[in-house]
Amino acid sequence: LLRPDGSVASTIFAEMTNLALRTGAINLGQGFPDVDGPHAIKEAAIRAIENGHNQYPPGTGIPVLREAVADHQRRHYGLDLDPDTEVLVTTGATEALAATILALAGPGDEVVTLEPFYDSHAACIALAGATHVRVPLHPTPDGFRLDPVQVRAAVGPRTRLILVNTPHNPTGTVLTRAELEVVADAARSVDAVVVTDEVYEHLVYDDAVHVPVATLPGMAERTITISSAGKTFSFTGWKIGWLHGPAHLVEAVRTVKQFLTYTSGSPFQPAIAQALADDEAPRALAASLAARRDLLCEGLVAAGFEVVVPRGTYFVVADGAPLGFEDGTELCRRLPALAGVVGVPVSAFCAASPGDEDLSGPTTAQALASRVRFTFVKREDVLREAVTRLAALR
Ligand code: PMP
Ligand code: GLN
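First residue of the sequence shown: 34, per the UniProt record's numbering; consecutive thereafter.
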C-alpha cells in the first residue's frame, strides 16, 4: 500500500476522478450514479434525523434493517437467516470486506480471488498479512470466464478464503451456476470459507441470472455474503452495507467491525430498511442501465474499440488494441486530451507482479494490458456526449 518513496498510494478511482476534474473531461472512470435514488427513501432518512436517529445505533445494525435484509434474502433467493445472529450491518460493502478478511485470514493463510479484482479486495488481503492467490478471468465473446482447471489449481491446504465477486467489477461478468459450482467444490475440498461480494446483485441484464453462492447446496454454512445499498438504490455516499453467514463467522467479523467503525450511519439504516422492502426501484434501475449499457457499447464499437458486452454491473471493458493503443494506462492518461473522456485501465484491477502460477505465461495485467473500463451509470445525455467525443478517436 506504500509507494517505494514511502508515500501512500491513492486509489485508481480517486486518481481518475481528479484527472476528470482537472481536465473537464466526462468521468466514465469512477462508478457512481449521477442521479440519486428514490425521493421517498431520501425523505425517510430526513425523517429519521428529525425523529432522533442521530446517536450510536446498535453495533450489529438496527433490528428493522437486519430483518429487512433477512426478508430480502428470503424473498429473492429462498435463504433462511436469523436476523439477530446471522446478519451484520456495515459501513458499505467496503467495511464488510475489510472486517471479514481481517477476521478470517492472517499471515500464512492464502486468500484466492478472481483477477481482475476490485481494488479493496487486494488491499484488505495485504492489510491482513495474508497471501493473495489469483485466478484469471479470460475474455471470450461470451464474457470474461473462469477456467475450472485454474480454479482447482489455485486452491490448496493453506487456502482460508475464496473471494468471489458476481456480478463482477470491472468485467461485468455474471458468473454462471456451473462456474460457481467449481468454486464451491474447490472450497469444500479444502474446508475454505467463500466470501462473496454481490453488491451488483440486482444490476443484471438480458437473460443473465444472479446466483448467490450461499444458495448452492451445502454452501450457506461456509459462505459470507456481502452486499450494499449503494449500488442497488443509488445512494453510494450513504455507505450502508451488510453481510450474512453462519453465526460463528458473523460473530468473528462483528468483533473486528467493533474496532473499525463501531457502528454505521444511524439515520440511513431505517431509510434503507424501507428501500429493501420494495423491489420496483432496483428493477427499474436495471432496465434503465441495460439501455445505457447498449448506448455506451455501441458508441465504443463505433469509435473503434472491441467490447465484451457486460451482463451486469455499472461497467464495460473495451479493448483499445484495434485502435492502436496497446497500453490501456497510457490510453487513459491521454484520453482526456484526445477525446475529453476518462476511463480506468483494467490493469489497475490486476496484480503488478506475477504470482507463482503466472510464471509460465503472461500475467493477467499483461494479457489485459490494452483494456479500459468505462462506466455507464451516467445520465443518457452525458453518455451521448461521451460517445460523440469518443468518435474522434477514429
Ligand atoms: N465491491 C465492489 C465489487 C464494488 O464495485 C464496490 C463499489 N464500487 C464495493 C465493493 C464497495 O461498496 P460500498 O460503496 O458499499 O462500500
Ligand atoms: N466501486 C466504484 C468503482 O469501481 C467506486 C469505488 C471507489 O471509488 N472506491 O468505480
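Note that the Cβ used here is the ideal one computed from N, Cα and C, for glycine as well.
Residue i, buried or exposed, once every other Cβ within 10 Å from all chains shown has been counted against 16
i, result
"T204", "buried"
"N87", "exposed"
"P91", "exposed"
"N84", "exposed"
"S222", "exposed"
"H281", "exposed"
"R107", "exposed"
"Y89", "exposed"
"Y347", "buried"
"V286", "buried"
"S261", "buried"
"F292", "exposed"
"A186", "exposed"
"T44", "exposed"
"V405", "buried"
"G345", "buried"
"D230", "buried"
"L170", "buried"
"D352", "buried"
"H105", "buried"
"Q302", "buried"
"H201", "buried"
"L54", "exposed"
"H165", "buried"
"S321", "exposed"
"P315", "buried"
"T288", "exposed"
"T421", "exposed"
"V182", "exposed"
"Y295", "exposed"
"V168", "buried"
"S380", "buried"
"V120", "buried"
"I267", "A small correction: the amino acid at residue 267 is Ser; Ile does not occupy that position in the sequence shown. Buried, by the Cβ-count rule."
Residue i: CB within 7 Å of a non-hydrogen atom of the ligand GLN
i, result
"F150", "no"
Bridge partners - residue i, DSSP secondary structure assignment
i, result
"I259", "D230 and L276"
"P378", "V405"
"N60", "V375"
"R178", "H171"
"A42", "Answer is none; A42 lacks a bridge partner."
"E148", "P169"
"N84", "Note: N84 sits in no beta bridge, so no partner."
"I195", "V145 and V227"
"E339", "D352"
"T164", "E143"
"G345", "V237"
"T123", "G274"
Residue i beta carbon near the ligand PMP (any heavy atom closer than 7 Å)
i, result
"A126", "yes"
"Q232", "In the sequence on display, residue 232 carries Val and not Gln. Result yes, Cβ under 7 Å from the ligand PMP."
"T269", "yes"
"S297", "no"
"K290", "no"
"S261", "yes"
"K75", "no"
"N198", "yes"
"G205", "no"
"G274", "yes"
"N202", "yes"
Residue i at chain B interface by Cβ criterion, 8 Å
i, result
"F348", "Structure shown: chain B not included; a single protein chain is present."
8 Å contact criterion, which residue i and residue j should meet: CB distance rounded
i, j, result
"E143", "R193", "7 Å"
"A155", "A306", "So it is not a contact: roughly 32 Å between Cβ atoms."
"R255", "V227", "6 Å"
"residue 463", "V334", "Because residue 463 is not part of the residues shown, which for the chain are 34 to 427, the question remains open."
"V184", "V216", "6 Å"
"G337", "R427", "5 Å"
"L328", "L416", "5 Å"
"T199", "V207", "6 Å"
"G263", "V232", "7 Å"
"T274", "A129", "Rather than Thr, the amino acid found at residue 274 in this sequence is Gly. G274 to A129, Cβ: 5 Å. Contact."
For the ligand GLN, list every residue whose C-beta falls under 5 Å from any of its heavy atoms, going in chain order.
-> F46, Q63 and G64
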